[in-house]
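Taken in order, these protein sequences are the chains called D and L. Each residue of the first sequence is one higher than the one before, starting from 3 at the first, in this note's numbering. Each residue of the second sequence is one higher than the one before, starting from 555 at the first, in this note's numbering. Ideal Cβ placement from N, Cα and C applies to all residues, glycine included.
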Amino acid sequence: MLRKSINPRSNWQQRVEEQGLVFHSPDGVPYWDESACYRFSAKEIDTLEAATAELQRLCLEAAQHIIDEDRFDDLRIPAPARELIVNAWEAEPPSIYGRMDLSYDGVDPPKLLEYNANTPTALLEASVIQWQWLRDRMPGSDQFNSIHEKLIAQWKEIKPGLRGRHLHFSCMENAEDTVTTAYVRDTAEQAGIPTSFLHVGDIGWNAGKWEFRDLDDDPIRAIFALYPWEWLLKDFGREIVGSHDQMLWIEPIWKMLWSNKALLAVLWELFPGHPNLLEAYLDGPRGMKDYVRKPLLSREGANVSVFQSGVETESTTGSYGREGFVWQALAPEAVFEGRRPVTGSWIVTDQGPAGIGIRESAGLVTGNLGTFVPHYF
Amino acid sequence: MKRSRVVDAFVVVSLAATLEACGSQPRRCLDQLGNPADERNCTSGGGKTGGYYYHWGGGASSHSSTESGTTRGVIGSEGAAHGAGEAGGAHGGGAGE
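Structural data, given as structure tokens:
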């Protein structure tokens, strides 16, 4: 694994915009950065793929443990949601995807930093934009990337279970979320599923019929929502809980077990010393000197504090933390030309590990200023 | 072999349509008589030749009730509280992670 500086395509802005990446340079600073790329060996790609599959196996066991041992309090999951989670876990309603963020330096085993299992983004970049870059820039090379066809394959598996229901797609009015949702919707369309889109603020509630409605005032029976479950429950919990049996939500509510960073501590508790895990606890650093304190539900690196030799050396701001924290060992240093990469490893449910996307930053916390850098092998 | 073989089939069926709505007013696809129509009629070439068009405005986050008894804007407040719509761009405070 190495980082290479290369010349960007002369028309790269036009190329990525043609494929839908309209937010490539927020405030004039490139988010999509093809002035560099990462080169892997085939063996390193195999290592990432195997680690992702193994971590998925561990996460399945951890979720079962949380349910069996009634660990919902550790995850601060509200009481009304717990029965729904248990039922959904047993019923296995459709699920599409997730992204594991891994620390990897090409030498030591990949380590799980967190699992973005509910509302992962940076998907179009990983699936389509870096693939087009490969074709333009490295046509003789390969890429760990079968995300697109696995998404379509997953929708084809889901389609019979929809029993002809129209599938709505929804997200907030935000460019990144809208592009991600539109892309996922596109893959569903290519699998032959009829769809439509509306923003979450446009979702209607009919109290008389006790059902959600779209902009045509038709009932919403199935919806892919790029909107976290904990927010849904805070916004409109009583109605969502009360109508859950009549409505198919993708991702399913049990994903609350994986998108919560308490999962990291449960994994370490169940599989201490596993080569793909970092030491993690729910009640403090327990003697660790180099560790990271993360809110259970923070997004985009918000409210994260890094401690080295017991002293706080880096922190980010945000609106999270009241829900509690997890204390996780600081991952082994992976630095390439002064940049710290985080490998986002995509899982498409039932299809397995599907590919990777790399975001890098200068600091120890990969927040919303990280840049996406393509890869090949 | 890991490489993706069919990404070329990515036809951006829905992407172009929804991108237009990024950060803008809500819209609806209407037919030539002004009746609500499937959004795909406005996005898949049915536009001008088919008489379908977008109507902008109304709807979102108003907490208003329609004559049918449907209240909109019931979902989204928690996301807004966490900074939705700030700064735009790659990670501008949406719900993704």
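Check your understanding: What do you get for Ser616/L, buried or exposed, if any count of 16 or more other CB atoms within 10 angstroms of its CB means buried?
Key -> The predicted position of Ser616/L is uncertain, since its pLDDT is 44 and thus under 50; a value taken from the coordinates is nonetheless stated next. It counts as exposed.
Check your understanding: Out of curiosity, what's the CA-to-CA distance linking Trp260/D and Gly30/D?
Key -> Each residue's Cα considered, the two are about 35 Å apart.
Practice item. Give every residue of the same chain whose Cβ lies closer than 6 Å to the Cβ of Ile338/D, excluding the five residues on either side of it in the sequence, and list them in chain order. Key: Before going on, a small fix: residue 338/D reads as Phe here, not Ile. Arg5.
Point to revise | Below-9 Å beta-carbon distance, Asp585/L vs any chain D residue | key: Chain D contact via Cβ: absent.
Exercise for review: Output the residue ranges of the alpha helix (DSSP H) runs that lie fully inside the stretch 258-340 of chain D and measure 4 residues or longer, sorted by chain position.
Suggested key: The DSSP assignment places 264-272 as complete runs of the alpha helix (DSSP H) inside the stretch 258-340 of chain D, in order along the chain (cut-off: 4 residues).
**Study point:** Distance, Leu280/D Cα to Leu114/D Cα
**Key:** Cα-Cα distance, rounded: 7 Å.
Review point. Which same chain residues, not among the five before or five after Ala634/L, have their C-beta less than 7 Å away from its C-beta?
Key: Nothing meets the Cβ criterion.
Exercise for review: List the residues of chain L that Pro221/D touches, going by C-beta distances under 9 Å, in chain order.
Suggested key: When 9 Å is used as the limit between beta carbons, Pro221/D is near no residue of chain L, the shortest such separation being about 10 Å.
Exercise for review: Determine whether the Cβ of Asn208/D lies closer than 9 Å to any Cβ atom of chain L.
Suggested key: When Cβ-Cβ separations below 9 Å define contact, Asn208/D makes contact with chain L.
Point to revise | Proximity of Ser37/D and Pro10/D at Cβ, strictly below 9 Å | key: Yes, these two residues count as a Cβ contact at 9 Å.
Practice item. Check whether the stretch 18-34 of chain D touches the stretch 49-58 of chain D, counting contact only when three or more Cβ pairs, one atom from each stretch, lie closer than 8 Å. Key: Result no; under three Cβ-Cβ pairs closer than 8 Å.
Check your understanding: Going by Cα to Cα distance, which pick from Val313/D, Glu325/D and Ser363/D is closest to Ala336/D?
Key -> Residue Ser363/D is the option with its Cα nearest to Ala336/D.
Point to revise | Candidates Phe199/D, Tyr117/D and Gly206/D, of which the one nearest Leu298/D by Cα | key: Checking every option, the nearest Cα to that of Leu298/D belongs to Tyr117/D.
Practice item. Would you mind sorting Asn176/D into buried or exposed? The rule is 16 or more other CB atoms within 10 Å of its CB. Key: Asn176/D comes out buried.
Review point. Where does Ile154/D sit, in a helix, a strand or coil, going by DSSP?
Key: Reduced to three states, the DSSP call for Ile154/D is helix.
Review point. Distance, Cα to Cα, Thr319/D vs Val306/D?
Key: About 7 Å.
Exercise for review: Measuring alpha carbon to alpha carbon, tell me which of Gln192/D, Trp212/D and Ala184/D ends up nearest Phe199/D.
Suggested key: From the listed residues Gln192/D, Trp212/D and Ala184/D, the smallest Cα separation to Phe199/D is found for Ala184/D.
Check your understanding: Is it a yes or a no for the stretch 262-273 of chain D touching the stretch 323-334 of chain D, going by three-plus beta-carbon pairs under 8 Å?
Key -> Between the stretch 262-273 of chain D and the stretch 323-334 of chain D, the count of C-beta pairs closer than 8 Å reaches three or more; the two stretches touch.
Point to revise | the stretch 348-362 of chain D contacting the stretch 92-104 of chain D, beta-carbon criterion three pairs below 8 Å | key: Touching, per the Cβ criterion.
Exercise for review: Could you tell me the boundaries of the alpha helix (DSSP H) in which Asn89/D lies?
Suggested key: Ala81 to Ala93 is the extent of the alpha helix (DSSP H) around Asn89/D.
Exercise for review: Check the Cβ of His236/D against every Cβ in chain L and list those closer than 7 Å, keeping chain order.
Suggested key: First, the residue type needs correcting, since residue 236/D is Lys and not His in the sequence shown. Scanning chain L for C-beta atoms nearer than 7 Å to the C-beta of Lys236/D yields Glu632, reported in chain order.
Check your understanding: Relative to the ligand ATP, is the shortest distance from any of its heavy atoms to the C-beta of Arg59/D smaller than 8 Å?
Key -> Questions concerning the ligand ATP fall outside what the structure shown contains, since it holds no ligand whatsoever.
Review point. Exposed or buried, what is Lys257/D when buried is set at 16 or more other beta-carbons lying within 10 Å of its beta-carbon?
Key: Buried, because 16 or more other Cβ atoms sit within 10 Å of the Cβ of Lys257/D.
Practice item. Give the DSSP bridge partners of Phe74/D, in chain order. Key: In DSSP, Phe74/D forms no bridge with anything.
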